[in-house]
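A.B. asks: So that we are looking at the same thing, I have put the structure below in structure tokens.
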Amino acid sequence: VHTFEHQYQILAVSFDDTAERIFSGSLDNTVLVYDMRMRDADPEVLEGHGDSITGLDVSKDGNFLATNSMDNTVRIWDVRPFAGGRNRCLRIMRGATHNFEKNLLRVRWSEKDALLAAGSADQNVNIWDMKQLQLAYRLPGHTGSVNEVCFHPKEPIIASVASDRLVFMGELGD
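Numbering follows the UniProt record's numbering, with no gaps: position 86 of the sequence shown is 86.
Now the structure itself:
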């Protein structure tokens with residue numbers, strides 16, 4: 001058993017596509033990147049969010065990390081090994097709002113990394129087109145904070161769950 005530690009409570013965790021790195025997000029507004037091959041090495045620190053990290057997901061190709069934060073942003077990070085520069089944040093997207101409930105809102109890549117979805121306290125599911133880098137869909141329907149989303153592995157379908165105790169499934173158009 002190996003343990004890795006943040007300064008504060010950890011709210012989200014994900015492996016990369018090779019399981020060589022593990023990413024963890026915390027109340028301290030940071031993401032720590034641990035290399036499983038070098039367990040005694042200090043983790044890389046991804047900084048930039050202004051509030052707690054509530055969800056994170058590594059793209060299927062392992063090159064990018066999406067993080068959702070209580071600062072009402074979703075950030076895209078370049079996590080390729082040897083990617084240059086200290087600031088790995090490539091994009092900041094707004095729309096995944098948090099509210100007084102401070103629920104742990106999650107973020108997910110689609111199967112081919114073409115879309116990125118995040119729940120929101122405003123009762124909507126936000127889906128960004130990652131090629132165009134813009135909001136592609138804003139799906140209403142829930143009557144509570146949307147806490148988790150996931151894409152069907154083969155069909156253009158998204159599922160979402162919310163504080164309203166409902167699971168919604170919706171088909172995405174072309």
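By construction, the Cβ of each residue, glycine as well, lies at the ideal position given by its N, Cα and C atoms.
Do residue 69 and residue 125 have their C-beta atoms closer together than 8 Å?
C.D. replies: By one-based count along the sequence shown, residue 69 stands at place 69. By one-based count along the sequence shown, residue 125 stands at place 125. Not closer than 8 Å, so no.
A.B. asks: What are the boundary residues of the beta strand (DSSP E) that residue 134 is part of?
C.D. replies: Along the sequence shown, read from residue 1 onward, the residue named residue 134 stands at position 134. 134-139 is the extent of the beta strand (DSSP E) around residue 134.
A.B. asks: Is it the case that the Cβ atoms of residue 118 and residue 149 are separated by a distance below 8 Å?
C.D. replies: By 1-based counting over the sequence shown, the position of residue 118 is 118. By 1-based counting over the sequence shown, the position of residue 149 is 149. Cβ distance < 8 Å, so residue 118 and residue 149 count as in contact.
A.B. asks: Is the distance from the Cβ of residue 58 to the Cβ of residue 23 below 8 Å?
C.D. replies: Position 58 of the sequence shown, counted from the first residue, corresponds to residue 58. Position 23 of the sequence shown, counted from the first residue, corresponds to residue 23. Yes; because the gap between Cβ atoms is below 8 Å, this pair is in contact.
A.B. asks: Please go through the same chain and pick out, in chain order, the residues whose beta-carbon is closer than 7 Å to the beta-carbon of residue 108, but skip the five residues on each side of it.
C.D. replies: Counted from its first residue, the sequence shown places residue 108 at position 108. Contacts found: 57, 117, 149, 150, 151.
A.B. asks: CA-CA distance, residue 121 and residue 28?
C.D. replies: For the purposes of this step, residue 121 is taken as residue 121 along the sequence shown, with counting starting at 1. For the purposes of this step, residue 28 is taken as residue 28 along the sequence shown, with counting starting at 1. Going from the Cα of residue 121 to the Cα of residue 28 covers about 21 Å.
A.B. asks: Helix, strand or coil: how does DSSP classify residue 172 here?
C.D. replies: Residue mapping note: residue 172 aligns to position 172 of the sequence shown, counting from 1. If DSSP states are grouped into helix, strand and coil, residue 172 belongs with coil.
A.B. asks: Where does residue 38 fall in DSSP's three states?
C.D. replies: Indexing the sequence shown from 1 puts residue 38 at position 38. Looking at residue 38 - three-state DSSP - the assignment turns out to be coil, as it is neither helix nor strand.
A.B. asks: For residue 18, is the classification buried or exposed, using 16 other Cβ atoms within 10 angstroms of its Cβ as the cut-off for buried?
C.D. replies: Within the sequence shown, numbered from 1, the residue matching residue 18 stands at position 18. Residue 18 should be labelled exposed.
A.B. asks: In terms of residue numbering, what span does the beta strand (DSSP E) encompassing residue 68 cover?
C.D. replies: The sequence position of residue 68 within the sequence shown is 68, counting from 1. Residue 68 -> beta strand (DSSP E) spans 64-69.
A.B. asks: Within the continuous beta strand (DSSP E) that includes residue 14, where are the two ends?
C.D. replies: On the sequence shown, residue 14 is found 14 positions in, with the first residue counted as 1. Counting along the chain, the beta strand (DSSP E) containing residue 14 begins and ends at 10-15.
A.B. asks: Thinking just about the alpha-carbon of each residue, which of 16, 14, 31, 21 is nearest to the one in residue 7?
C.D. replies: Here residue 7 is taken as the residue at index 7 of the sequence shown, counted from 1. Measuring from the Cα of residue 7, the nearest candidate turns out to be 31.
A.B. asks: What does residue 93 pair with, by DSSP beta-bridge criteria?
C.D. replies: As a position in the sequence shown, residue 93 is number 93, starting the count at 1. Paired residue(s): 74.
A.B. asks: Given a threshold of 16 other Cβ atoms within 10 Å of its Cβ, counted over all protein chains shown, does residue 142 qualify as buried or as exposed?
C.D. replies: The count along the sequence shown starts at 1 and reaches residue 142 at position 142. Residue 142 should be labelled buried.
A.B. asks: Taking its Cβ as the centre, do 16 or more other Cβ atoms sit within 10 Å of residue 66, making it buried, or is it exposed?
C.D. replies: What you label residue 66 is simply residue 66 of the sequence shown in a count that begins at 1. Result: buried.
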